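Asker: Under the UniProt record's numbering, the letters of the sequence shown match residues 1 to 56, in that order.
Backbone N, C-alpha and C define an ideal beta-carbon position, used for all residues, glycine too.
From a predicted model like this one, the values you see are computed outputs, not experimental measurements.
Here it is, the structure in full.
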Amino acid sequence: RGYVQGIIAAADFKINTSVLEGVNNKIKQIKRRAYGFRDDLYFFLKVKAAFHGLPR
Numbered sequence: 001r002g003y004v005q006g007i008i009a010a011a012d013f014k015i016n017t018s019v020l021e022g023v024n025n026k027i028k029q030i031k032r033r034a035y036g037f038r039d040d041l042y043f044f045l046k047v048k049a050a051f052h053g054l055p056r
């Protein structure tokens, strides 16, 4: 019973979570290498550069 809303949402939006998991993994990789970045803005620029083909 607790999954009804999730099932309905999956049927309505047809979004696959594998893409989101891939994006999260890529961001985590950037974050691991981010030690020593000058500031948060530089980190976010690196994330944006990694996903240049995706809509923002």
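Which residues mark the beginning and the end of the alpha helix (DSSP H) in which G2 is found?
Answerer: Sequence index remark: in the sequence shown, residue 2 carries index 2 (1-based). Where G2 is concerned, there is no enclosing alpha helix (DSSP H), given that its DSSP letter is neither H nor E.
Asker: For K14, name the three-state secondary structure that DSSP assigns.
Answerer: One-based indexing of the sequence shown puts residue 14 at position 14. K14 carries a coil assignment under DSSP once its states are collapsed to helix, strand and coil.
Asker: Is it true that the region 13-27 meets the region 35-45, where meeting means three or more beta-carbon pairs spaced less than 8 Å apart?
Answerer: No, they do not touch.
Asker: Apart from the five residues on each side of it in sequence, which residues of its chain come closer than 8 Å, Cβ to Cβ, to F13?
Answerer: Taking the first residue of the sequence shown as position 1, residue 13 is located at position 13. The answer is none, since no qualifying residue turns up.
Asker: Could you tell me which of N16, A9 and K48 sits nearest to I30, measuring between CA atoms?
Answerer: Translated into the one-based positions of the sequence shown, residue 30 becomes position 30. Comparing Cα positions, the closest option is K48.
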